[in-house]
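In terms of my numbering, the sequence shown opens at residue 13 and continues consecutively.
Glycine residues also receive a C-beta, built at the ideal position from the N, C-alpha and C atoms.
First the structure, in the form of structure tokens, and then the observations on it.
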Amino acid sequence: MAFSAVTGQKQIKIRLAAEAQRRGSAAYMLSGPEGMGKRLLAEEFAKALMCTDCGPDGACGVCPNCKYFDNFTTPDVTRVYEPSETKNVKVDFIKECVVAESYLKPQFARTKTFIIDFDYLGAESQNALLKSLEEPGKDVVFILTSSNTDAVLDTVMSRVTEIKLDPYSDEELEEIVRANCPGLEDDKVRAAVYNSGRNPGKAISLAKEDSGVSIRHEINSIMTAMPSSSYIDVLEDQCGVLTGFKDDHKIIASSILMFLDDCGRLINYPDCRKINNEMDREAIEEFVAANKHITTLKLGRCTEAVNTFLRAMEVNANFDSSASAMLLRIHEELKK
Ligand SMILES: [Zn+2]
């Protein structure tokens, strides 16, 4: 990956690539609201700084240093991102792993780089960094990010070069959404962009919600067709549909479970006021009425098959074989 693989932020990418080629100690602050892509740019900038053959597009992607970077095995890049257990990064960690570390020589690259997400740094930790930011050690580059520079100490801001992320164009936002939600229909891509407030992170999450709705819809079609499907239909067509949603196995499973639960409710209480999927209520009611052979016992066995599928996914089993095993098991129960 190089800067050209990051969508948008054209001027900033040109500037960062030039800075990476120039090298020299420095401290930058990439700022902009959450979801604007600061971390992606920070990572790409750090990679360009590591690269032994950095050009106007940043990292070459093939030199050993680029490979180390991609495998997270370079000792010359330190990332300080959100801590797993506490709200903020502990000040001791900053002192040991950033301040002290910044006085050591880089091992493979010409630069030692620290990427620090300031959204997780309290005042004490920020203070601990002041001296390092003012006079970074030789060949040290600090890439800081913040989604709210009001929460960053003035003494920090006065020691860094702030780079504010630029707004994205509609075309750039559409490109980002398409890359993250392949196969999403054009009108849904445009709706996600339109409602995102020009924020790519927001646009992606809106688009993902939308693709969740389309997965549920597809699953319903598969399930309602199950009693009249043949073994071959299941293996060839229906498994193929699921493969298209491979990255969203949890949504697949929850959609099937929701369908099974709704059938159970409608079998036991045909007049029940609310089912999970009210949007498709009519189709599910018709399904239940047309398939009297389906009992809650059979539905329970289908639920077991879905849970088996979920467990298989947790241990990284092969998606295609796990999904087809699940569908065949459900078919066995629901077929006429
Ligand atoms: Zn390289």
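9 Å Cβ cutoff met for residue i and residue j
{"i": "E113", "j": "K99", "result": "no"}
{"i": "V168", "j": "M48", "result": "no"}
{"i": "E56", "j": "A38", "result": "no"}
{"i": "A215", "j": "V253", "result": "no"}
{"i": "L218", "j": "A203", "result": "yes"}
{"i": "I155", "j": "A30", "result": "no"}
{"i": "Y180", "j": "R210", "result": "yes"}
{"i": "V103", "j": "E136", "result": "yes"}
{"i": "T255", "j": "I279", "result": "no"}
{"i": "A295", "j": "N192", "result": "no"}
{"i": "D65", "j": "P118", "result": "no"}
{"i": "R171", "j": "E146", "result": "yes"}
{"i": "H229", "j": "D162", "result": "no"}
{"i": "I234", "j": "L339", "result": "yes"}
Assigned exposure category for residue i - 16 Cβ within 10 Å defines buried
{"i": "H305", "result": "exposed"}
{"i": "G312", "result": "exposed"}
{"i": "C9", "result": "Outside the displayed range of the chain (13 to 348) lies residue 9, so it cannot be described from this structure."}
{"i": "T236", "result": "buried"}
{"i": "Q23", "result": "exposed"}
{"i": "T274", "result": "With the sequence shown as reference, residue 274 is identified as Asp, and Thr is not the correct amino acid for it. Buried, because 16 or more other Cβ atoms sit within 10 Å of the Cβ of D274."}
{"i": "L141", "result": "buried"}
{"i": "S1", "result": "Any question about residue 1 goes unanswered here, given that the chain covers just 13 to 348."}
{"i": "N77", "result": "buried"}
{"i": "T157", "result": "buried"}
{"i": "S96", "result": "exposed"}
{"i": "A121", "result": "buried"}
{"i": "F84", "result": "exposed"}
{"i": "S16", "result": "exposed"}
Beta-carbon proximity list for residue i, same chain, < 7 Å, skipping 5 on both sides
{"i": "L52", "result": "V18"}
{"i": "L133", "result": "N100, V101"}
{"i": "E94", "result": "D129, Y132"}
{"i": "V327", "result": "none"}
{"i": "P239", "result": "N303, L346, K347, K348"}
{"i": "V153", "result": "S37, A38, L61, T123, T125"}
8 Å CB neighbourhood of residue i in its chain, flanking five on each side removed
{"i": "G44", "result": "K50, S159, K176, L177"}
Residue i - containing beta strand (DSSP E), residue span
{"i": "T90", "result": "89 to 92"}
{"i": "S16", "result": "Note, S16: premise wrong, no beta strand (DSSP E); not H, not E."}
{"i": "L133", "result": "First-last for L133: undefined, no H or E at that position."}
{"i": "E174", "result": "173 to 176"}
CA nearest to the CA of residue i, picked from the options
{"i": "H343", "options": "E147, C78, V111, I268", "result": "I268"}
{"i": "Q21", "options": "T307, P239, N288, E183", "result": "E183"}
{"i": "D69", "options": "K59, T255, N77", "result": "K59"}
{"i": "C314", "options": "A337, A301, D332, A329", "result": "A337"}
6 Å CB neighbourhood of residue i in its chain, flanking five on each side removed
{"i": "I263", "result": "G224, I227"}
{"i": "M325", "result": "H261"}
{"i": "V110", "result": "F126"}
{"i": "G149", "result": "S114, Y115"}
Unbroken alpha helix (DSSP H) run spanning residue i, endpoints
{"i": "A317", "result": "308 to 326"}
{"i": "K124", "result": "Note, K124: premise wrong, no alpha helix (DSSP H); beta strand (DSSP E) at 124 to 129."}
{"i": "S223", "result": "212 to 237"}
{"i": "S266", "result": "261 to 280"}
{"i": "L340", "result": "331 to 346"}
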